[in-house]
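Q: Below is a structure I'd like to ask you about.
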Amino acid sequence: MGLENKSVAIVGAGVSGLAACKHLLERGCRPVVFEAGDAVGGVWPNAMEGTRLQAPRHMYRYSDFPWPDSVTEMFPNQRQVADYLHAYARRFGVLDCVRLGHRVTSMDYVGVAEEEVVAWEQWAGCGEAFGSGDGEWRLTVADAEGHTEVHMLDFVILCTGRFSNYPSIPKFPPGRGPEAFDGKVIHSMDYSKMGSEKAKEMIKDKCVTVVGYGNSALDIANECATINGTEKPCTMVVRTKQWIIPNFYAWGINISNFYLTRFAELLIHKPGEGFLLSILATVLTPLRLMISKFAESYYSIPMKKHEMVPDHSFFEGMVGCMLSTTPKDHYKNLEEGIIVIKKSKTFGFCKEGVLVEGESTLVKSDIVIFGTGFNGDENIKDMFISKYFHAIVVGSTSTTTPLYRECIHPKIPQLAVIGYSDNYANVYTSELRSKWLAYFMDGGFRLPTVKAMQRDVLECEKVMKRYSREESRTPCIGLLPTWYNDRLCEDMGCNPRRKNGFFAELFESYGPDDYNDLHPK
Numbered sequence: 400m401g402l403e404n405k406s407v408a409i410v411g412a413g414v415s416g417l418a419a420c421k422h423l424l425e426r427g428c429r430p431v432v433f434e435a436g437d438a439v440g441g442v443w444p445n446a447m448e449g450t451r452l453q454a455p456r457h458m459y460r461y462s463d464f465p466w467p468d469s470v471t472e473m474f475p476n477q478r479q480v481a482d483y484l485h486a487y488a489r490r491f492g493v494l495d496c497v498r499l500g501h502r503v504t505s506m507d508y509v510g511v512a513e514e515e516v517v518a519w520e521q522w523a524g525c526g527e528a529f530g531s532g533d534g535e536w537r538l539t540v541a542d543a544e545g546h547t548e549v550h551m552l553d554f555v556i557l558c559t560g561r562f563s564n565y566p567s568i569p570k571f572p573p574g575r576g577p578e579a580f581d582g583k584v585i586h587s588m589d590y591s592k593m594g595s596e597k598a599k600e601m602i603k604d605k606c607v608t609v610v611g612y613g614n615s616a617l618d619i620a621n622e623c624a625t626i627n628g629t630e631k632p633c634t635m636v637v638r639t640k641q642w643i644i645p646n647f648y649a650w651g652i653n654i655s656n657f658y659l660t661r662f663a664e665l666l667i668h669k670p671g672e673g674f675l676l677s678i679l680a681t682v683l684t685p686l687r688l689m690i691s692k693f694a695e696s697y698y699s700i701p702m703k704k705h706e707m708v709p710d711h712s713f714f715e716g717m718v719g720c721m722l723s724t725t726p727k728d729h730y731k732n733l734e735e736g737i738i739v740i741k742k743s744k745t746f747g748f749c750k751e752g753v754l755v756e757g758e759s760t761l762v763k764s765d766i767v768i769f770g771t772g773f774n775g776d777e778n779i780k781d782m783f784i785s786k787y788f789h790a791i792v793v794g795s796t797s798t799t800t801p802l803y804r805e806c807i808h809p810k811i812p813q814l815a816v817i818g819y820s821d822n823y824a825n826v827y828t829s830e831l832r833s834k835w836l837a838y839f840m841d842g843g844f845r846l847p848t849v850k851a852m853q854r855d856v857l858e859c860e861k862v863m864k865r866y867s868r869e870e871s872r873t874p875c876i877g878l879l880p881t882w883y884n885d886r887l888c889e890d891m892g893c894n895p896r897r898k899n900g901f902f903a904e905l906f907e908s909y910g911p912d913d914y915n916d917l918h919p920k
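Numbering-wise, this note's numbering puts 438 at position 39 of the sequence shown, and it's gapless, one number per residue.
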């Protein structure tokens, strides 16, 4: 039985959901895509007006769909990215599969007893996408009016990402939380959903305090600075300093040549590596440290002026996907006092504003905006009715998400997750995973045993922990992107070597163009 006779649902119509749908359509399957929002494109349609890509546009694109000639910026803006993703969905017939305003509220695996699922030695009982045919997913879906419907499905692909629905808010001692504050407290998610004009009107002529120093926090602070200027400086409460960079050039050299090439990956220990590769990675460790210091020597120059150099190395920032792009005029705004930074691990609220540890005076505030990220784990966990699946789907607090090939949970049948782990070029990474998944679902290969997949996940986690900061558990393949893509290519029976010639293969960075002609049969 071919894919055309299978019922498949994709949850989320962002970067990953669009790619997953496109590649299933190419194999004769017509999935239904449930999107809770009112537009395709994930976070981009409702992102702040001043938000720009964190990766250069030549890296952030689908391999078979170039940016339009009208987009010439290295880091396209919110509207340009949203339009690009919508155009991709329209070009490949994905829009016809999408049901906007439909949120999946719960999902339950039925037809096979949970005890049997737990005991399976092969994924889904046989290592194939649709198992024995006895099990299926029951999805409950609610529309914008609250009407619910139930769908029975052979396979489900979760493409909800990690940046929606569940904001991460710091915990406060009793009496020191937002309830003690007379002003307004919101999360960056709410700020984005307000729309550009309404958000600007809210912060105009107000004392705004932004908590955080990641992408959203930086963008909001920059917007406040543009609107209010020196009359009402924006305060940023920074608990953890991060590497923020203006572009991917250090001292005139493209740093992707240091991190996105096969030679760069020779400097890193890899899962399952042989003796010679292990020795080589050890011998080349000083070179890896020198490269990190080289990048730090350039990017830290403006940071030193404001005592904002992170405690962790630039390499650790790369490993954990913890780099942010500096908004335009950020350091100029700091110099002119339009943005004021307060560095502290702890803070609390009072009636008139924010009390920052180590500061003698309070930060008078009318509005406090948390740019503190999301609890992406909860976004996935809460979909499952099964307590067993709820407990295992994202692993423990001390582990990263246990996904084989960053797509398949070894113990959850007939389900895939795409777009949960991070990278610096999420579009083509999600595209390659979608090709891999569609090929698997079409009978291209069987998965290894459950134990083999679990061992593989643990090996990858060991490498991640070897190089990343202890507190980081963000799923990210920033360390070995080409090595990871090689595994997907090999599973699909495709040559992972995509360059022409030995030196190009070793020293040129990999990107979307290298996978444009990847067509597994």
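We put the beta carbon where it would ideally sit given N, CA and C, even for glycine.
No experiment lies behind these values; they were computed from the predicted model shown.
Nearest to Val509 by alpha carbon, out of Asp495, Arg832, Arg537, Cys496?
A: Start at 1 with the first residue of the sequence shown, and residue 509 comes out as number 110. Nearest option by C-alpha distance: Arg537.
Q: Given a threshold of 16 other Cβ atoms within 10 Å of its Cβ, counted over all protein chains shown, does Pro455 qualify as buried or as exposed?
A: As a first step, residue 455 is located in the sequence shown; it is residue number 56 there, counting from the start. Result: buried.
Q: Determine, using beta carbons only, whether Ala528 and Met840 come nearer to each other than 8 Å.
A: The residue given as residue 528 occupies position 129 in the sequence shown. The residue given as residue 840 occupies position 441 in the sequence shown. Closer than 8 Å, so yes.
Q: Taking the alpha carbon of His457 as the point to measure from, which residue in Glu544, Val826, Leu814 has its own alpha carbon closest?
A: Sequence index remark: in the sequence shown, residue 457 carries index 58 (1-based). Cα-wise, what sits closest to His457 is Val826.
Q: From Leu666 to Trp882, what distance separates their C-alpha atoms?
A: Locating residue 666 in the sequence shown gives position 267, where the first residue counts as 1. Locating residue 882 in the sequence shown gives position 483, where the first residue counts as 1. Those two C-alpha atoms are separated by around 12 Å.
Q: Tell me, please, which residues DSSP counts as bridged to Ser723.
A: Numbered from its first residue, the sequence shown carries residue 723 at position 324. Per DSSP, Ile643.
Q: From the DSSP output, which residues share a beta bridge with Arg502?
A: Walking along the sequence shown from the start, residue 502 turns up at place 103. Bridge partners of Arg502: Ala541.
Q: If we count the other Cβ atoms within 10 Å of its Cβ and call it buried at 16 or more, is Ser415 buried or exposed?
A: If you number the sequence shown from 1, residue 415 lands on position 16. Buried, since its Cβ has 16 or more Cβ neighbours within 10 Å.
Q: Return helix, strand or coil for Lys669, following the three-state DSSP convention.
A: Residue numbering aside, residue 669 sits at position 270 when the sequence shown is read from its first letter. Reduced to three states, the DSSP call for Lys669 is coil.
Q: With DSSP run on the structure shown, which of helix, strand or coil describes Lys850?
A: For the purposes of this step, residue 850 is identified with residue 451 of the sequence shown, where counting begins at 1. It is helical.
Q: For the candidate residues Trp642, Met707, Pro726, Lys592, whose alpha-carbon lies nearest to that of Cys720?
A: Position 321 of the sequence shown, counted from the start, is the residue given in the question as residue 720. Measuring from the Cα of Cys720, the nearest candidate turns out to be Trp642.
Q: Determine the closest residue to Glu756 out of Ile556, Asn621, Glu907, Phe571, with distance taken between C-alpha atoms.
A: Sequence index remark: in the sequence shown, residue 756 carries index 357 (1-based). Among Ile556, Asn621, Glu907, Phe571, the Cα nearest to that of Glu756 is on Phe571.
Q: What residue range is occupied by the uninterrupted beta strand (DSSP E) comprising Thr608?
A: Locating residue 608 in the sequence shown gives position 209, where the first residue counts as 1. First-last of the beta strand (DSSP E) with Thr608: 607-610.
Q: Pull up the CB-CB distance for Asp589 and Lys631, whole angstroms please, since I reckon it's below 8 Å.
A: Here residue 589 refers to the residue found at position 190 when the sequence shown is read from its first residue. Here residue 631 refers to the residue found at position 232 when the sequence shown is read from its first residue. At roughly 20 Å, the Cβ-Cβ gap does not stay under 8 Å, so Asp589 and Lys631 are not in contact.
Q: Measuring alpha carbon to alpha carbon, tell me which residue in Asn614, Leu617, Tyr697 is nearest Ala649.
A: Indexing the sequence shown from 1 puts residue 649 at position 250. With distances taken between Cα atoms, Ala649 lies closest to Tyr697.
Q: Alpha carbon to alpha carbon, what distance is there between Cys875 and Ser820?
A: On the sequence shown, residue 820 is found 421 positions in, with the first residue counted as 1. On the sequence shown, residue 875 is found 476 positions in, with the first residue counted as 1. Their backbone Cα atoms lie some 5 Å apart in a straight line.
Q: Are the Cβ atoms of Pro919 and Tyr461 separated by less than 8 Å?
A: Position 520 of the sequence shown, counting from 1, holds the residue named residue 919. Position 62 of the sequence shown, counting from 1, holds the residue named residue 461. In this structure, Tyr461 does not lie closer than 8 Å to Pro919 by Cβ.
Q: Looking at C-beta atoms only, is the number of pairs between the region 653-671 and the region 748-762 that lie closer than 8 Å three or more?
A: With the cut-off at 8 Å, the region 653-671 and the region 748-762 do not touch.
Q: Express the C-alpha separation of Gly671 and Arg886 in angstroms, rounding to a whole number.
A: Position 487 of the sequence shown, counting from 1, holds the residue named residue 886. Position 272 of the sequence shown, counting from 1, holds the residue named residue 671. Approximately 12 Å, taken between the alpha carbons.
Q: Assuming Val407 and Leu552 make a contact with CB atoms under 8 Å, what is their CB distance in whole Å?
A: On the sequence shown, position 8 is the one that residue 407 refers to. On the sequence shown, position 153 is the one that residue 552 refers to. Correct: roughly 6 Å between the Cβ atoms.
Q: Pick out whichever of Cys525, Thr771, Val718 has its Cα sitting closest to the Cα of Glu860.
A: Taking the first residue of the sequence shown as 1, we reach residue 860 at position 461. Selected option, being the one with the closest Cα: Val718.
Q: So the alpha helix (DSSP H) Thr681 belongs to, where does it begin and stop?
A: In the sequence shown, residue 681 corresponds to position 282, counting from 1. Run containing Thr681: 674-682, per the alpha helix (DSSP H) assignment.
Q: Considering only the alpha carbon of each residue, which of Lys704, Gly772, Thr684, Val816 lies closest to Phe714?
A: Position 315 of the sequence shown holds residue 714. The shortest Cα separation from Phe714 among Lys704, Gly772, Thr684, Val816 belongs to Thr684.
Q: Quick check on Gln453: does DSSP put it in helix, strand or coil?
A: Here residue 453 refers to the residue found at position 54 when the sequence shown is read from its first residue. Correct three-state label for Gln453: coil.
Q: Would you kindly work out how many angstroms separate the C-alpha atoms of Val555 and Met707, rounded to a whole number?
A: As a position in the sequence shown, residue 555 is number 156, starting the count at 1. As a position in the sequence shown, residue 707 is number 308, starting the count at 1. When rounded, the distance between both Cα atoms is 44 Å.
Q: Going by DSSP in three states, His550 sits in which element: helix, strand or coil?
A: The sequence position of residue 550 within the sequence shown is 151, counting from 1. Note: His550 maps to strand in three-state DSSP.
Q: With a cut-off of 8 Å on the beta carbons, I'd call Ile817 and Arg832 a contact; round off their distance for me.
A: As a position in the sequence shown, residue 817 is number 418, starting the count at 1. As a position in the sequence shown, residue 832 is number 433, starting the count at 1. Yes, Ile817 and Arg832 are in contact; Cβ-Cβ is about 5 Å, under 8 Å.
Q: I'd like the span of the alpha helix (DSSP H) that includes Cys623, first residue to last.
A: As a first step, residue 623 is located in the sequence shown; it is residue number 224 there, counting from the start. 614-627 is the span of the alpha helix (DSSP H), which, as asked, contains Cys623.
Q: By the 10 Å Cβ neighbour count, where 16 or more other Cβ atoms means buried, how is Ile690 classified, buried or exposed?
A: As a working mapping, residue 690 is identified with position 291 in the sequence shown. Under this definition Ile690 is a buried residue.
Q: Taking all protein chains shown into account, decide if Asn646 is buried (16 or more other Cβ within 10 angstroms of its Cβ) or exposed.
A: As a first step, residue 646 is located in the sequence shown; it is residue number 247 there, counting from the start. It counts as exposed.
Q: If I'm right that Tyr565 touches Phe773 with Cβ under 8 Å, what's the distance once you round it to whole angstroms?
A: Along the sequence shown, read from residue 1 onward, the residue named residue 565 stands at position 166. Along the sequence shown, read from residue 1 onward, the residue named residue 773 stands at position 374. Sure, about 6 Å apart at Cβ, within 8 Å.
Q: Go ahead and pull the three-state DSSP assignment for Pro880.
A: Numbered from its first residue, the sequence shown carries residue 880 at position 481. DSSP places Pro880 in helix when its eight states are reduced to three.
Q: Please confirm whether Val584 and Lys741 have their CB atoms less than 8 Å apart.
A: Here the question's residue 584 lines up with position 185 in the sequence shown. Here the question's residue 741 lines up with position 342 in the sequence shown. Contact flag unset, no.
Q: Should the region 415-432 be called in touch with the region 478-494, which here means at least 3 C-beta pairs below 8 Å?
A: With the cut-off at 8 Å, the region 415-432 and the region 478-494 touch.
Q: What residue ranges within the region 415-503 form continuous alpha helix (DSSP H) runs of no fewer than 4 residues, ordered along the chain?
A: You should have 477-490.
Q: I'd like the ranges of any beta strand (DSSP E) spanning at least 3 consecutive residues and lying wholly in the region 785-863.
A: With a minimum length of 3 residues, the continuous beta strand (DSSP E) runs that stay inside the region 785-863 are 814-816.
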